[in-house]
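Before any comments, here is the structure.
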Amino acid sequence: MAAKIQQAPRTLTATRSPHRERVRRCRNRSEHAWAYLMIAPVTIGLGLFYLWPIVQTFYYSFTQSGPFGGHQWIGAANYRALAHDSSVTQSALNTVFYTVLQLAGIPLAVFVAALLNQRGLRGRSVYRVIYFLPVVTMPVAAAMVWRWMYQGDNGIINHLLSGFGIAGPHWVSDPSTAMYALAAVGIWMAFGTNLVIFLAGLQGIPAEYYEAAKVDGASATRTFFRITVPMLTPSIFFATVLTVINSLQLFDLVYMMMGTPSDATGQSNPAMPHVQTIASLFYEKAFIEHDTGFGAAVAFVLVAFILLVTVVQFRLQKKWVHYA
Amino acid sequence: MPQPSDQHRMKGRVRSARPAVAAAVAAGLVLAATGCGSGSGSGSGSKASGGPVNLTYRIWDSTQQTGMQHIVDAFQQANPNIHVRIELVANKEYWTKLQADATAGSAPDVFWMNGPNAQLYESNKQLLALSSNVLKQNGVDLANYPAALNQLYNLGGTQYGIPKDFDTVGLWYNKKLFDAAGLKYPDASWTWQDVQNAAKKLTDASKGQYGILAPPYGQENYYDTIFQAGGYVIAPGGKSSGYAKPEAQAGLKFWSDLVKDGYSPSLKSMTDTFAAQQFESGKIGMYYAGSWNCMEFSKSDTIKDSVDVAVLPQGVKKATVIHGLANVGYAKTKHPAEVEKFLAFLGSKQANEIEAKDSGVIPAYNGTQQAWVASFPNFHVQSYLDELPYAVAYPTSKNTSAWQNQEAAVLAPAWDGGEDIGTAAQQLATMMNTALSKEQ
Chain A
0 MAAKIQQAPR TLTATRSPHR ERVRRCRNRS EHAWAYLMIA PVTIGLGLFY LWPIVQTFYY
60 SFTQSGPFGG HQWIGAANYR ALAHDSSVTQ SALNTVFYTV LQLAGIPLAV FVAALLNQRG
120 LRGRSVYRVI YFLPVVTMPV AAAMVWRWMY QGDNGIINHL LSGFGIAGPH WVSDPSTAMY
180 ALAAVGIWMA FGTNLVIFLA GLQGIPAEYY EAAKVDGASA TRTFFRITVP MLTPSIFFAT
240 VLTVINSLQL FDLVYMMMGT PSDATGQSNP AMPHVQTIAS LFYEKAFIEH DTGFGAAVAF
300 VLVAFILLVT VVQFRLQKKW VHYA
Chain B
0 MPQPSDQHRM KGRVRSARPA VAAAVAAGLV LAATGCGSGS GSGSGSKASG GPVNLTYRIW
60 DSTQQTGMQH IVDAFQQANP NIHVRIELVA NKEYWTKLQA DATAGSAPDV FWMNGPNAQL
120 YESNKQLLAL SSNVLKQNGV DLANYPAALN QLYNLGGTQY GIPKDFDTVG LWYNKKLFDA
180 AGLKYPDASW TWQDVQNAAK KLTDASKGQY GILAPPYGQE NYYDTIFQAG GYVIAPGGKS
240 SGYAKPEAQA GLKFWSDLVK DGYSPSLKSM TDTFAAQQFE SGKIGMYYAG SWNCMEFSKS
300 DTIKDSVDVA VLPQGVKKAT VIHGLANVGY AKTKHPAEVE KFLAFLGSKQ ANEIEAKDSG
360 VIPAYNGTQQ AWVASFPNFH VQSYLDELPY AVAYPTSKNT SAWQNQEAAV LAPAWDGGED
420 IGTAAQQLAT MMNTALSKEQ
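Now the structure itself:
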C-alpha cells in the first residue's frame with residue numbers, strides 16, 4: 000500500500016510544467032541536505048565502528064600484533080599458518096554443519112506460518128507472541144536456561160526422558176550430541192524472525208489464487224506446494240540468506256553453553272572440538288591467547304567465506320525464486 | 000502486480016532494520032566510550048590545585064567486594080583527598096576487558112593481577128614499576144609477604160605488584176561418607192595410595208556416590224600431583240615444558256586413572272555441573288579445593304557440618320601449588336603518587352587484617368593469616384597454612400594463557416576415556432614448547 004501511494008505523485012510530476020519542476024528540484028536539494036543530515040549519525044557510526052575496523056582488521060591480519068597494540072608486518076605468514084592449522088579446518092567444518100542444521104528451521108517456519116495464516120484461526124496473536132518471544136529474549140539468558148535444561152545428571156530434559164525409560168546423554172558435553180543441542184537452541188531463537196518474514200510474505204499472496212485452486216478442486220497439500228511455496232520463494236530466499244550469514248558467525252551460544260565457571264572458553268569440555276566455530280576460534284586466538292594478528296586472519300577468512308556463500312546464493316536464486 | 004512491490008517493501012523494511020540496529024549499537028558504543036573516558040580521566044588537573052583525586056580500583060570477585068569496600072573506607076578515612084571507586088567486572092570478562100582498556104590507554108588506576116597474566120602486563124610495560132625507593136617511601140617492606148608471591152610479580156629485578164592474598168590447595172573430605180564406609184579421615188600421613196584406596200571404597204555408583212572429583216584442572220589437580228611426583232610444568236628459566244618427563248606423566252595419570260576406574264564422575268558430568276557444586280551435593284567423598292572455596296563451603300547448608308579439610312596427600316614428596324593475587328597500578332595512570340599510596344595501604348597490615356575477616360581469602364601479609372583461620376572455626380583451614388614450607392609457585396611465562404588455554408583441550412580426550420595419557424602428555428609438551436618459543 001505504502002509503495003503505491005509513494006509512486007502516485009511521481010507519475011504526476013512528469014506532467015507538470017518545467018517551471019514547477021525547477022521549484023521542485025530546488026526543494027529537493029534542500030530536502031536532500033536534510034536527508035543527508037538525518038542519516039549522518041548512522042553513516043558516521045557505521046563508518047567509524049563497522050567499516051574502519053574492517054579495514055584495520057584486514058591490515059592487522061598481515062601483522063604480528065602485540066597484546067596491547069604495536070605490530071610488525073609479516074606478510075601472509077598468518078594466512079599460511081592458518082592453512083596448516085587443523086583447528087581452523089575443524090572449526091570451519093563445524094560452522095558449515097551448524098549452518099546446514101539451521102537451514103532445517105526454515106521449512107519448519109514456513110509450515111507453521113502457513114498454519115498460523117489460516118483464516119479464522121483463534122488466538123492467532125497469542126501464537127505469534129509465543130513464537131516471537133525467543134527473539135526478544137536475551138541470548139545469554141536463554142543460553143543459560145537451555146544449558147541448565149540440557150544438564151546430563153539433573154536436567155529437566157533427561158528427567159522427562161527417564162519417564163519413558165530413556166537415559167539421556169550429557170547433551171552439551173557429549174561430542175555426539177553437543178552440536179545438535181546447540182543447533183536446536185539456534186533454531187528456536189531464530190524461529191520467530193523467520194516466522195514474521197513468512198507471515199508477511201503469505202499476506203502478499205492474492206486470495207484469488209487460492210479461490211481458483213479451490214474451484215479446480217485442489218487438495219490442501221497441493222495448494223500448499225503449488226501456490227503457497229512458490230509464491231513465498233522470495234521470502235524464503237531472504238530468510239535463507241539471513242540465516243546463513245547469522246549461522247556462519249555463531250559465537251554466543253558456544254561461549255555461553257560450552258564453558259564452565261572456571262573455564263571460560265570451554266576447553267575442558269570434551270565436546271568442544273566438535274562445536275568450536277570460526278568465530279569462537281577467533282575469540283580464543285585473539286583475546287585469550289593474545290595472537291591478535293592470527294585472530295584477524297581467521298576473522299577475515301570468515302568474512303571472505305560469508306561473502307562467497309552469499310554471492311553464490313544470489314546467483315542461484317534465479318533458478319528457484321519466483322518474483323510473480 | 001501488487002506482489003513484487005509488496006515483497007520489495009517487506010524486504011526493504013527488514014533490511015533497513017539492520018543499519019538502525021547498527022546505529023543504536025554505534026551510539027551505545029560512543030556513550031560507553033565516553034563513559035569509560037570520564038571514568039578514569041575524572042579528577043585530572045585537580046592535582047595541581049590539591050583538590051580530591053578519584054581513583055578506580057577494579058576487582059573481579061563479587062564475594063570480596065564488601066571486604067574491599069571496608070579497606071577502601073579505611074583508606075579514605077586516612078586520606079580524605081583521595082576517592083576510590085570499586086569497579087566489579089565478572090571474572091569471565093575481566094581479562095578481555097582489561098586488555099582492551101589497556102590497549103586504549105584507559106585501564107583503571109589500580110587493579111587485581113594474577114600470576115598467569117603478570118608477565119604479560121609487565122613485559123608490555125602496562126604496570127607501574129614500584130622501585131625500592133617508592134616502596135620505602137610508602138612504608139612497604141616486601142619481607143612481609145611470602146617470597147614465592149613477591150617473585151610472581153617481579154620481572155628482571157623490578158617489582159610491579161604488592162601481594163594481596165594467596166591460595167594453596169587442600170584435600171576436602173565428607174566425614175559422613177567416610178564414617179559410613181568405616182574409613183579413617185585423611186591426615187598429614189596420607190599418600191596417593193591412600194587416596195586411591197579411599198576413592199574406591201567410597202564409590203557407590205548405584206547411589207550416584209563417587210569417591211573423588213578428578214576434573215582436569217591445573218592448579219587444583221594435576222599441577223599439584225606433578226610437583227608431588229618430582230616433576231615440573233615449566234622448566235626453571237621458563238623456556239621449555241616439563242610435560243614430556245615421566246614425573247609429569249605420573250602426576251597426570253593419577254587423575255585420569257581415577258576417572259577411568261569410575262571413582263570420579265565422568266568429565267562430561269563435571270562439565271555439566273561444576274566440580275565444587277558436585278561436592279556441595281554431599282555425594283562426593285573427596286575434593287581437592289583451593290582455599291578460596293572455604294567461604295562457599297561454610298555457607299552451604301548441605302555440607303557445612305559434614306566436611307573438613309586436610310593437607311594434600313604426598314606422592315614422591317609433599318607439594319602444593321601456591322598462587323596469589325597482587326594489587327598493581329596502571330603505568331599510564333594520571334595520579335601515580337596517589338596510586339602508590341593506595342597500593343601501599345592495600346598491602347598494609349591493617350588492610351590485610353580487614354581482608355582476613357571480611358573477604359574469605361588468605362591475606363598475604365605475614366602474621367595476619369590467623370584472623371583468616373579464626374574466621375572458619377568449623378574447618379581445620381590451618382591445613383592450608385601448614386603446607387607453606389613446601390609450596391611451589393604457580394607455573395607462569397610471558398604469555399601463560401597461550402599454552403594454558405590449550406592444556407584442557409589436549410587432556411580432555413584422555414580424561415574422557417579414549418586416549419592414552421602418555422600420548423596426551425607428549426602432545427602437551429609439543430604444544431607448550433611451540434607456544435613458549437613464540438614468546439622469545
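So the sequences go chain by chain: A and B.
For the first sequence, numbering that gives the first Met the number 0 assigns the number 0 to the initial residue and increments by one for each residue that follows.
For the second sequence, numbering that gives the first Met the number 0 assigns the number 0 to the initial residue and increments by one for each residue that follows.
Just so it is clear, CB atoms sit at the ideal spot from N, CA and C, and this is done for glycine as well.
By the neighbour-count criterion, in which a residue is buried when 16 or more other Cβ atoms sit within 10 angstroms of its Cβ, B:Val380 is buried.
Residues of chain B whose Cβ lies closer than 9 Å to the Cβ of A:His289 are, in chain order, Gln98, Leu119, Asn398, Ser400, Ala401.
Our two residues, B:Ala89 and A:Leu115, have alpha carbons roughly 43 Å apart in a direct line. In this structure B:Asn53 does not touch B:Lys340 by the C-beta definition: roughly 14 Å separates them, more than the 8 Å allowed. Look at the beta carbons and you see the stretch 192-210 of chain A not touching the stretch 158-175 of chain A: under three pairs across the two are nearer than 8 Å.
The beta-carbon of B:Pro215 is placed less than 8 Å from the nearest beta-carbon of chain A. Straight-line spacing of the CA atoms in B:Ala390 and B:Ala234 works out to 17 Å. Excluding residues up to 5 positions away in sequence, Phe197 lie with their Cβ nearer than 6 Å to the Cβ of A:Val109 in the same chain. Pairing B:Ile321 with B:Phe226 gives a Cβ-Cβ distance that is not under 8 Å. At a cut-off of 8 Å between beta-carbon atoms, A:Pro269 makes contact with chain B.
Distance check between B:Glu279 and each of B:Asp307, B:Thr55, B:Asn432 places B:Asp307 closest, using alpha-carbon atoms only.
Straight-line measurement puts the Cα of A:Trp33 at about 56 Å from the Cα of B:Thr270.
Closer than 8 Å to the CB of A:Glu210 there is not a single CB belonging to chain B. The way I'd put it, the stretch 424-432 of chain B does touch the stretch 239-255 of chain B; three or more beta-carbon pairs between them come closer than 8 Å. Looking at the backbone, the Cα of A:Met257 and that of A:Val274 are separated by about 8 Å.
Judged by DSSP secondary structure, B:Asp193 falls within the alpha helix (DSSP H) whose first and last residues are 191-201. The three-state reading of DSSP puts B:Glu86 in strand, counting E and B together.
Its Cα nearest to that of B:Trp189, the residue B:Gln313 stands out among B:Lys267, B:Gln313, B:Ser382. DSSP lists B:Ile81 as the beta-bridge partner residues of B:Val52. Nearest in C-alpha terms to B:Ala73, of all of B:Lys348, B:Ser61, B:Gly169, B:Val315, is B:Lys348. Contact annotation: A:Phe131 and A:Val195 have beta-carbon atoms nearer than 8 Å.
Judged by DSSP in its simplified three-state form, B:Tyr287 adopts strand.
A:Tyr59: not part of any beta strand (DSSP E); member of the alpha helix (DSSP H) spanning 51-59, first to last residue.
Three or more beta-carbon pairs separated by less than 8 Å link the stretch 279-297 of chain B to the stretch 173-193 of chain B, which places the two stretches in contact. Beyond the five residues adjoining it in sequence on each side, A:Trp145 comes within less than 7 Å, by CB distance, of Val184, Met256 in the same chain, given in chain order. For A:Glu207, the closest Cβ of chain B is not nearer than 8 Å. Per DSSP, the beta bridge partners of B:Arg57 are B:Glu86, B:Phe110. If you draw a straight line from the Cα of B:Gly328 to the Cα of B:Gln369, it comes to about 28 Å. A:His169 belongs to the set of residues whose beta carbon lies under 8 Å from a beta carbon in chain B. Residues of chain B whose Cβ lies closer than 8 Å to the Cβ of A:Asp251 do not exist; the shortest such Cβ separation is about 13 Å.
Closer than 8 Å to the CB of B:Leu170 there is not a single CB belonging to chain A.
Classified as buried, B:Gln248 has 16 or more neighbouring CB atoms from the shown chains inside 10 Å of its CB. Nearest to B:Lys316 by C-alpha distance, out of B:Pro388, B:Ser265, B:Leu119, B:Ala274, is B:Pro388.
In this structure, the beta-carbon distance from B:Asn116 to B:Tyr364 does not fall below 8 Å.
Neighbours of A:Gln101 across chain B, judged by C-beta separation under 8 Å, do not exist; the nearest C-beta is about 18 Å away.
For B:Ser358, the closest Cβ of chain A is not nearer than 8 Å.
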